[in-house]
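Letter by letter, the sequence shown follows residues 6 to 429 of the working numbering.
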Amino acid sequence: MKVQRPRGTNDIWGKEMRHWHQLEDVIRRLARLYQYQEMRTPLFEQTELFLRSVGETTDIVEKEMYTFTDRGDRSLTLRPEGTAGVVRGFVENKLYADGQVQKLYYLGPMFRYENPQAGRSRQFHQFGIEAFGSEDPAIDAEVIALGMHIFRELGLKDVVVQLNSVGDSESRERYQQQLIEFFTPYEDQLAPVDRSRLHRNPMRILDSKEPQVQELLAEAPAMLDYLSKPAAQHFQQVQAYLEKLEIPFVYEPRLVRGLDYYTMTAFEYYVDVPGAQASTIGGGGRYNQLVAEMGGPELPGIGFGLGLERILLACAEQGCLVDEEPTIDCYLVTFDQASRETAVSLLQSLRQAGIRAEMDYQSRKMKAQLKAANRLNARFVAILGEDELQNGAVSLKEMATGEQRQVQLEALVQELKKEQDKTE
Ligand code: HAM
């Protein structure tokens, strides 16, 4: 029996891989532009990290984590998201020591045991940013703007920002009380999972996918009415900055996000992708208590995570990534052992000069080699025939025009460099 890849994972290659590279190039360029530095953290962490940050009553922790015991009897978990690891790294490496705002980014695989479908997999990729050390609403707006800048650069249209404030701890305490009062008369109608959350973490019910809750939600109290004065003011300022930056957003009173660490600003990027159920291409918000909860100083944080598979799906839907087929500068056509030996050295000289070149490694006939050159989109072929080599030369043929000329072996690098300069 052939071994297949695990359910909910993907192999990526060819044209699709090239689209990933285009996306990653845009992301890294814009991350640098906005002054974010990359941080790489382990793909697995102590399980406790996610219990304490993401939260024990979330879907991620209750149902979706890949948790295992290693040979040293430690409980470890494949990271289901990036914020927890970066916060741990920020605290553990004392990145707060210089008192500056720290802006970090990451790009890599995350793991959640979910029901696989279009745009939802068990190993998926996120680009995420985290900015530590500022409560300024201007940075909330900047974070949201960076995501929109990436979408614009990719040519992705009609991305909507959904925005809410989940308040500070004072606001939340009052609001949670209201929610408990609101839902208690309907306790019997709640799905078991929501009932179990009613007294432990009632805001989770707002994020419930259960149909019987959806109806109730329309009548549920909104956080906005329970925001403390500073939280309400902060939310106002974030909105004012977004307007200034001309970033369209919609206020979404039920938006609480699926992770427990959020305070104040919470947002999601949404794009309509017919056929794909999941069109939330990213989400984020503030977490002003998380750094302290993870043993660091009292420092606020804010960030987002974008789902790269979902962005690529949306791009495919809108046709915004074009496929640039790879090309090479020169293919070396060989005939016998002697010409192959010459080609091996020539190939090295060409590549060391930055010229993309290839040769045949299957001792094929000339026709097959020319076909291979075509498949690689070679601009030139260099024919290393017996006569040519006796003269210390090759025949250089331009594929598009069929034009052919003799070039001395030692002049080939120069000649191809000149041609390369003409096109680049
Ligand atoms: P999240 O909303 O759980 O937030 O995930 C962010 C994005 O990852 C989602 O909007 C979605 O596009 C993508 N995503 C999530 N699960 C899957 C899946 N199973 N398959 C494909 N894509 C998926 C976070 O993870 C937070 N750490 C974001 C954040 C950073 N907040 C503050 N800083």
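Note that beta-carbon positions come from the ideal geometry of N, C-alpha and C, so glycine has one too.
Residue i burial status per 10 Å Cβ neighbour count (16 or more: buried)
i, result
"Pro430", "Outside the shown range of the chain (6 to 429) lies residue 430, about which nothing can therefore be said."
"His204", "exposed"
"Pro279", "exposed"
"Tyr292", "buried"
"Leu250", "exposed"
"Pro11", "exposed"
"Ile17", "exposed"
"Lys402", "buried"
"Phe137", "buried"
"Asp230", "exposed"
"Leu38", "exposed"
"Pro253", "exposed"
"Thr428", "exposed"
"Tyr41", "buried"
"Gln411", "exposed"
"Asp193", "exposed"
"His26", "exposed"
"Gly19", "exposed"
"Ser174", "exposed"
"Gly124", "buried"
Distance cut-off 7 Å: residue i Cβ against heavy atoms of ligand 1
i, result
"Ile286", "yes"
"Gly133", "yes"
"Ser126", "yes"
"Phe309", "yes"
"Arg315", "yes"
"Glu192", "no"
"Leu264", "yes"
"Glu50", "no"
"Arg84", "no"
"Thr88", "yes"
"Phe129", "yes"
"Arg57", "no"
"Arg76", "no"
"Arg117", "yes"
"Gly290", "yes"
"Gly312", "yes"
Own chain, CB closer than 6 Å to residue i, minus 5 neighbours either side, in chain order
i, result
"Gly13", "Pro121, Ser126, Arg127"
"Gln183", "Pro226"
"Ser213", "Asp199"
"Arg117", "Glu69, Pro85"
"Ala245", "none"
"Phe240", "Ser170"
"Tyr456", "This structure cannot speak to residue 456, because the chain is shown only from 6 to 429."
"Met6", "none"
"Asn396", "none"
"Leu247", "Ala146, Phe254"
Close beta carbons around residue i, own chain, < 8 Å, minus the five adjacent residues each side
i, result
"Arg23", "Asp328, Glu329, Pro331"
"Val218", "Leu195, Ala196, Asp199, Ile210"
"Thr74", "Ser80, Leu81"
"Val96", "Val296, Met299, Gly300, Gly301"
"Thr46", "Arg84, Gly87, Gly90, Val91, Arg93, Gly94, Tyr111"
Neighbourhood of residue i by C-beta, 7 Å cutoff - its chain only, sequence neighbours within 5 removed
i, result
"Val243", "Pro142, Asp145, Ala146, Thr270"
"Leu100", "Gln107"
"Phe187", "Ala225, Pro226"
"Leu222", "Leu211, Arg259"
"Ala1", "Because the chain is modelled from 6 through 429, residue 1 falls outside the range shown and cannot be assessed."
"Phe309", "Gly133, Ile134, Val148, Gly152, Gly287, Gly288, Gly289"
"Leu313", "Leu28, His130, Gln131, Phe132"
"Val66", "Phe55, Leu56, Val59, Gly60"
- Query: Is the stretch 24–31 close to the stretch 164–174, with three or more CB pairs under 8 Å?
  - Reply: no
- Query: Are at least three pairs of beta-carbons, each pair with one atom in the stretch 135–142 and one in the stretch 312–323, less than 8 Å apart?
  - Reply: no
- On the three-pair Cβ rule with 8 Å, is the stretch 334–342 touching the stretch 371–379? yes
- Count the C-beta pairs between the stretch 100–111 and the stretch 251–266 that are closer than 8 Å, then say yes if the count reaches three, no if not. no
- Message: Counting beta carbon pairs with one atom in the stretch 87–95 and one in the stretch 43–56, are three or more of them shorter than 8 Å?
- Response: yes
- Query: Three or more C-beta pairs closer than 8 Å, one from the stretch 145–157 and one from the stretch 268–277: is that the case here?
  - Reply: yes
- Message: For the stretch 354–363 against the stretch 415–425, do three or more pairs of beta-carbon atoms, one drawn from each stretch, fall closer than 8 Å, so that the two count as touching?
- Response: yes
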